[in-house]
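Trainee:
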Amino acid sequence: MMMSKSKALAFIIAALSYYFFSSPPKPHYHALFLSASFSDNASVAFNLRTLTRRPHVAGSVANAEAAAFVRSAFISSSLKSHVVAYPVSLTYPIHRSLVLTPKESAKPITFALEQEQVGDNPYADEVMPTFHGYAKSGNVSGPVVYANYGRVEDFVGLNASGAVVIARYGKIYRGDIVQNAYQAGAVGVVIYTDKRDYGGDECFPASKWMPPSGVQVGTVYNGLGDPTTPGWASVDGCERLSEEAVESIGDSPLIPSLPVSAADAEVILKTIVGDVTDGDVYPVGPGPGILNLSYIGKTVIGQIENVIGVIEGEEEPDRYVILGNHRDAWSFGAVDPNSGTVIAQRLDKLQKRGWKPRRTIILCNWDAEEYALIGSTEWVEENREMLTWRAVAYLNVDCAVSGPGFHASATPQLDELIKQAAQEIGRLGDTGSDYASFLQHVGVPVADMRFGKGYPVYHSMYDDFTWMENFGDPTFQRHVAMASVFGLVALRLADEEVLPFNYISYASELKKSAEDLEKAILSHSMNVSPLFKSIHDLSTAAKGINIEKEGIKAGALKVRELNDRLMMAERALTDRDGLPERTWFKHLVYGPSKYDDYGSKSFPGVDDAVESAKRLKTKASWEHVQHQIWRVSRAIRHASLVLKGELR
Numbered sequence: 001m002m003m004s005k006s007k008a009l010a011f012i013i014a015a016l017s018y019y020f021f022s023s024p025p026k027p028h029y030h031a032l033f034l035s036a037s038f039s040d041n042a043s044v045a046f047n048l049r050t051l052t053r054r055p056h057v058a059g060s061v062a063n064a065e066a067a068a069f070v071r072s073a074f075i076s077s078s079l080k081s082h083v084v085a086y087p088v089s090l091t092y093p094i095h096r097s098l099v100l101t102p103k104e105s106a107k108p109i110t111f112a113l114e115q116e117q118v119g120d121n122p123y124a125d126e127v128m129p130t131f132h133g134y135a136k137s138g139n140v141s142g143p144v145v146y147a148n149y150g151r152v153e154d155f156v157g158l159n160a161s162g163a164v165v166i167a168r169y170g171k172i173y174r175g176d177i178v179q180n181a182y183q184a185g186a187v188g189v190v191i192y193t194d195k196r197d198y199g200g201d202e203c204f205p206a207s208k209w210m211p212p213s214g215v216q217v218g219t220v221y222n223g224l225g226d227p228t229t230p231g232w233a234s235v236d237g238c239e240r241l242s243e244e245a246v247e248s249i250g251d252s253p254l255i256p257s258l259p260v261s262a263a264d265a266e267v268i269l270k271t272i273v274g275d276v277t278d279g280d281v282y283p284v285g286p287g288p289g290i291l292n293l294s295y296i297g298k299t300v301i302g303q304i305e306n307v308i309g310v311i312e313g314e315e316e317p318d319r320y321v322i323l324g325n326h327r328d329a330w331s332f333g334a335v336d337p338n339s340g341t342v343i344a345q346r347l348d349k350l351q352k353r354g355w356k357p358r359r360t361i362i363l364c365n366w367d368a369e370e371y372a373l374i375g376s377t378e379w380v381e382e383n384r385e386m387l388t389w390r391a392v393a394y395l396n397v398d399c400a401v402s403g404p405g406f407h408a409s410a411t412p413q414l415d416e417l418i419k420q421a422a423q424e425i426g427r428l429g430d431t432g433s434d435y436a437s438f439l440q441h442v443g444v445p446v447a448d449m450r451f452g453k454g455y456p457v458y459h460s461m462y463d464d465f466t467w468m469e470n471f472g473d474p475t476f477q478r479h480v481a482m483a484s485v486f487g488l489v490a491l492r493l494a495d496e497e498v499l500p501f502n503y504i505s506y507a508s509e510l511k512k513s514a515e516d517l518e519k520a521i522l523s524h525s526m527n528v529s530p531l532f533k534s535i536h537d538l539s540t541a542a543k544g545i546n547i548e549k550e551g552i553k554a555g556a557l558k559v560r561e562l563n564d565r566l567m568m569a570e571r572a573l574t575d576r577d578g579l580p581e582r583t584w585f586k587h588l589v590y591g592p593s594k595y596d597d598y599g600s601k602s603f604p605g606v607d608d609a610v611e612s613a614k615r616l617k618t619k620a621s622w623e624h625v626q627h628q629i630w631r632v633s634r635a636i637r638h639a640s641l642v643l644k645g646e647l648r
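Each residue of the sequence shown is one higher than the one before, counting from 1 in full-length UniProt numbering.
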């Protein structure tokens, strides 16, 4: 049947109107986001140079200036932007001294505790004296003992009672080194950067390696967020714990500590006599030299500023895809990223081409990350309920670019999404960056991405623009690539009608972890069948929801209900009571080791209970292991019920 001329004309007009006036499909915009016209190495370099021009520790004027720059960049990129300020507890050094008396009648050696200025950085003299954030103030003396990396196993057979421990960075979190030394009876701790781990034949500025006088600073607090407001947001007029109450919680160091350089450590180590530990070259001591360590810090309530930028979703404005990176640094912080400003500029270009996200995208520039992930933690604690119901995922970049090789860590349902770009997928159970609060306190799916794995000048004054320009990313191509991957993952999470989550990957990973656990406790007659049963149920539910996703027909309510199940399944893996002795950490599947905040653990409550039971060797301790197995089994079963979306 022939179409009438009027109908044909109407059809042509409608088709042309769609072609010229409707938005292209989302994948078109995603490809555009990755195009060369959206990539600008010069802008990346300019942003990084501006943000790292001066040292900008949390609470400083320079850091407030950096916050103003970020907000200006957000506003110029058409983002709705605001600053969320928190008054929080921060510490700074007042007095530091380290004096070694090699042996009786010998002349004492007083260490300068200074990093040598190299190159021509005009703001090098603004770098804060080397110290540990939240270190215990005190004046202690004792014979020196060497504890290798300061791990629990490094103290086995070591007589550290009444001694000052010297240990090197490189394996575990510095706060755990101090805690392990305290539990071994030490009175103080010195932590240094060993040239075998961080040095080379040549050093910065001639090469990428740490100079002999370089010092890695950092926090030694074992908790997250403002120590005076554990579990609630640090806002004006809020309840605050006293110093004594904070200390009683157990996350604060109980003995003083100082970070020192490889050059200073070498002088100390030469005075130690005794046996040499397996696989090492230094004797363990003690003495005969005596080391006097003195540190006095001041605690202030300082203002920190998170900078927030928002692109509101067109169809689901109450669903949030959150991207975060931190701004503060112990010195210049060139390896710590400026990804947020770069992505904001590229998203602005997309908006000018007609793109609007389906879901709301929130860019977060965190403050005081270096002290204890404070900015992100306080924001999550303040917005806990909203995030519980509305957050789709959190994407994090900490040390964005330090060298070659793309690396990503994620909760497993994001694996398929990230694998297009990632060459390595790890698990996010540690507390090394701002994703910790989202995953471990609220149960939001998270991913963390970076180029390179570690860098020698970490947390030293040499982590500046010159190092990045010469050794980290001379052409800034890796920064552009990082922004591309980071942004593309965010775009897919924000734009796809059905969330690109795959829980089959989750179930597979949990099965591997359960098998490893079974081997570790094989000789102790533990019942792990509930764990395997719950993982099987999760796998079945994951396969079922994948079939639903493939067969779903367009319909706002049905899609919304399906997405809610995909989003909320991660929340089911949390427990309101949290991990034993660490109740702030709610996630029972992925969390930090009790003995290493940098270490990721599957089933952290079970793992900690096993370590304790092996040490105590009591019936009650192994019964506690069984209880923790039951707890995580119940959580995984709850997640499978959420995916199914059915009441029993």
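Don't be surprised by glycine CBs; every beta carbon is placed ideally from N, CA and C. Everything numeric in this text was worked out from a predicted model, so none of it was measured.
Taking a contact to mean a Cβ-Cβ separation below 8 angstroms, would you say residue 387 touches residue 489 in this structure?
Mentor: no
Trainee: State the start and end residues of the unbroken alpha helix (DSSP H) segment that holds residue 478.
Mentor: In the DSSP annotation of this structure, the continuous segment of the alpha helix (DSSP H) that includes residue 478 starts and ends at 477-495.
Trainee: Return the CA-CA distance between residue 315 and residue 619, expressed in angstroms with no decimal places.
Mentor: Their Cα atoms are separated by approximately 56 angstroms.
Trainee: Residue 22: buried (16+ other C-beta within 10 angstroms of its C-beta) or exposed?
Mentor: Its pLDDT being 46, under 50, residue 22 is placed unreliably by the model, and the measurement read from it follows with that caveat. By the neighbour-count rule (16 or more Cβ atoms within 10 Å), residue 22 is not buried but exposed.
Trainee: For residue 628, collect the residues of the same chain with a Cβ closer than 7 angstroms to its Cβ; drop the 5 residues on either side in sequence, then sort them by chain order.
Mentor: 605, 606, 609
Trainee: If I follow the unbroken beta strand (DSSP E) through residue 449, where does it start and stop?
Mentor: Looking at the DSSP string, the run of the beta strand (DSSP E) that includes residue 449 is 446-451.
Trainee: Helix, strand or coil: how does DSSP classify residue 442 here?
Mentor: Note: residue 442 maps to helix in three-state DSSP.
Trainee: Unbroken alpha helix (DSSP H) runs of length 4 or more, entirely within the segment 331-412: which are they?
Mentor: For the segment 331-412, whole alpha helix (DSSP H) runs of length 4 or above, ordered along the chain, are 339-352, 369-372, 374-382, 384-390.
Trainee: Quick check: residue 130 and residue 246, are their CB atoms within less than 8 angstroms of each other?
Mentor: no
Trainee: Mind checking who residue 305 pairs with in its DSSP beta bridge?
Mentor: 85
Trainee: Taking the alpha-carbon positions, what's the residue 158 to residue 146 distance?
Mentor: Each residue's CA atom was taken as its position, placing residue 158 and residue 146 some 9 angstroms apart.
Trainee: By the three-class DSSP mapping on this structure, what secondary structure does residue 587 have?
Mentor: strand
Trainee: For residue 553, which residues in the same chain have their Cβ closer than 6 angstroms to its Cβ, ignoring the five residues on either side in sequence?
Mentor: none
Trainee: With distances taken Cα to Cα, identify the nearest neighbour of residue 257 among 219, 65, 210.
Mentor: 219
Trainee: Let's test the definition: count the other Cβ atoms within 10 Å of the Cβ of residue 249 and tell me whether it reaches 16, buried, or not, exposed.
Mentor: Under this definition residue 249 is an exposed residue.
Trainee: Which runs of the alpha helix (DSSP H) fall wholly inside the UniProt domain "Transferrin receptor-like dimerisation" (527-643) and span at least 4 residues, in chain order?
Mentor: 529-551, 556-568, 604-616
Trainee: Touch check for the segment 302-320 and the segment 151-169: three-plus C-beta pairs under 8 angstroms?
Mentor: no
Trainee: Would DSSP call residue 168 helix, strand or coil?
Mentor: strand
Trainee: Just to confirm, are residue 344 and residue 373 a CB contact at a threshold of 8 angstroms?
Mentor: no
Trainee: So what does residue 325 bridge to, in DSSP terms?
Mentor: Answer is 365.
Trainee: How is residue 113 classed by DSSP in three states: helix, strand or coil?
Mentor: coil
Trainee: Quick check: residue 395 and residue 499, are their CB atoms within less than 8 angstroms of each other?
Mentor: Taking 8 angstroms as the Cβ cut-off, residue 395 and residue 499 do not qualify as a contacting pair.
Trainee: Rounded to a whole number of angstroms, what is the C-alpha to C-alpha distance between residue 636 and residue 295?
Mentor: 47 angstroms
Trainee: When DSSP labels each residue in this structure, what does residue 56 get in the three-state scheme?
Mentor: coil
Trainee: For residue 41 and residue 349, what's the separation of their Cα atoms in angstroms?
Mentor: 16 angstroms
Trainee: Any idea what DSSP makes of residue 521, helix, strand or coil?
Mentor: coil
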